[in-house]
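**Q** Residue 255, in the numbering used here, is where the sequence shown stops; the numbers in between run on with no holes.
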Amino acid sequence: MLKEERRGRILEMLGVEGKLVASDLSVALGVSEDTVRRDLRELAEAGKLRRVHGGALPRSAVTGTHEARRRQASAGKVAVARAAVGLVENGQVIILDGGTTALEVVRHLPAGLEATVVTHSPTTAAALAEHPNLEVVVIGGTLYKDNILAVGAQTVEAFASVNADLCLQGIWSMHPEVGVSHPYYEEMLVKRAMIESADRVVALASAEKLGTASSFVVAPATAYTHLATDHDVPEEILGPFRELGLEIAKG
Numbered sequence: 005m006l007k008e009e010r011r012g013r014i015l016e017m018l019g020v021e022g023k024l025v026a027s028d029l030s031v032a033l034g035v036s037e038d039t040v041r042r043d044l045r046e047l048a049e050a051g052k053l054r055r056v057h058g059g060a061l062p063r064s065a066v067t068g069t070h071e072a073r074r075r076q077a078s079a080g081k082v083a084v085a086r087a088a089v090g091l092v093e094n095g096q097v098i099i100l101d102g103g104t105t106a107l108e109v110v111r112h113l114p115a116g117l118e119a120t121v122v123t124h125s126p127t128t129a130a131a132l133a134e135h136p137n138l139e140v141v142v143i144g145g146t147l148y149k150d151n152i153l154a155v156g157a158q159t160v161e162a163f164a165s166v167n168a169d170l171c172l173q174g175i176w177s178m179h180p181e182v183g184v185s186h187p188y189y190e191e192m193l194v195k196r197a198m199i200e201s202a203d204r205v206v207a208l209a210s211a212e213k214l215g216t217a218s219s220f221v222v223a224p225a226t227a228y229t230h231l232a233t234d235h236d237v238p239e240e241i242l243g244p245f246r247e248l249g250l251e252i253a254k255g
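1. Taking the alpha-carbon positions, what's the Leu61 to Arg55 distance?
2. Under 8 Å: do the region 86 to 102 and the region 199 to 208 share three or more Cβ pairs, one atom per stretch?
3. Kindly list the residues whose CB is nearer than 6 Å to the CB of Val110, restricted to its own chain and excluding five residues on each side of it in sequence; keep chain order.
4. Looking only at its own chain, which residues have a Cβ that is under 6 Å from the Cβ of Val142, when we skip the five neighbours before and after it?
5. So, at 7 Å on beta carbons, what are the nonlocal neighbours of Ala211 in its own chain, with the 5 sequence-adjacent residues on each side left out?
6. Are Ala106 and Gly156 touching if we call contact CB-CB under 8 Å?
7. Closest by CA to Ala253, which one among Val222, Lys213 and Ala209?
8. Let me know if Lys7 comes out buried or exposed under the rule of 16 or more other beta-carbons within 10 Å of its beta-carbon.
9. Which value, in whole angstroms, describes the spacing of the CA atoms of Ile152 and Gly90?
10. What is the DSSP secondary structure of Ala4, counted as helix, strand or coil?
11. Between Val66 and Trp176, is the Cβ-Cβ spacing less than 8 Å?
12. Under 8 Å, do Gly255 and Ala87 count as touching if we go by C-beta distance?
13. Quick test of the definition: if touching needs 3 or more C-beta pairs under 8 Å, does the region 211 to 223 touch the region 178 to 196?
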């Protein structure tokens, strides 16, 4: 089997199985584990998959900047927002992440909702300012311009002083074994602080983010109490998260 043919087969198997183990690939393809590891490394460098210890996982399809993500999977974001809003109640203290899914959450909040919303996103805060009955607390820090979020030690410390009822957290990648992961280290640290500051934590994850992995692990999937996702995500994808104890909310 030629190298390009072999690597095409690897990507095909990853698409079907959702996870690859290097030792199993060696047997299936009839090549050495060194060859498999080299293939996986070079496919990862080409952005085709995410290399993990012992094998590989699908790479998240999410693009980098806030502006680019505004144009990506908009129907899925609306469905996730609807699912998440169903968990919101009057009188709560709510941590709301930044990002384009968070903006959809703001757009779907009931006009009569009375709650306190804490965010480290200037964009989210500006959208919340249009809501008639919400108290908005903005957490500061160093502005990460690509994603328009506050990050850094000041941001992490500020979240540590919050005792929220609910955290609605945007997700880049979520896998039942790897957990939730993110490509940016400073954002990952802030997301950890958000989780630790809330009683219930909701992962806002549309279909294309499930079963994928990124560079830095935020937390295991069991750190989340709920998964808000699209209405048509198949049960074979959601089942492992249910088994871990997450409640599934579909929009």
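Don't be surprised by glycine CBs; every beta carbon is placed ideally from N, CA and C.
**A** In this structure, then:
1. 6 Å
2. Segments in contact, yes.
3. Taken in chain order, the residues that qualify are Ala131 and Leu132.
4. Short of 6 Å from the beta carbon of Val142, and not among the five residues preceding or following it, lie these beta carbons of its own chain, in chain order: Ala129.
5. Gly80, Thr233, Asp234 and Val237
6. no
7. Closest option to Ala253, Cα to Cα, is Ala209.
8. exposed
9. 26 Å
10. Since the displayed the chain opens at 5 and closes at 255, residue 4 lies outside it and no answer follows.
11. Yes, the Cβ-Cβ distance between Val66 and Trp176 is below 8 Å.
12. yes
13. yes
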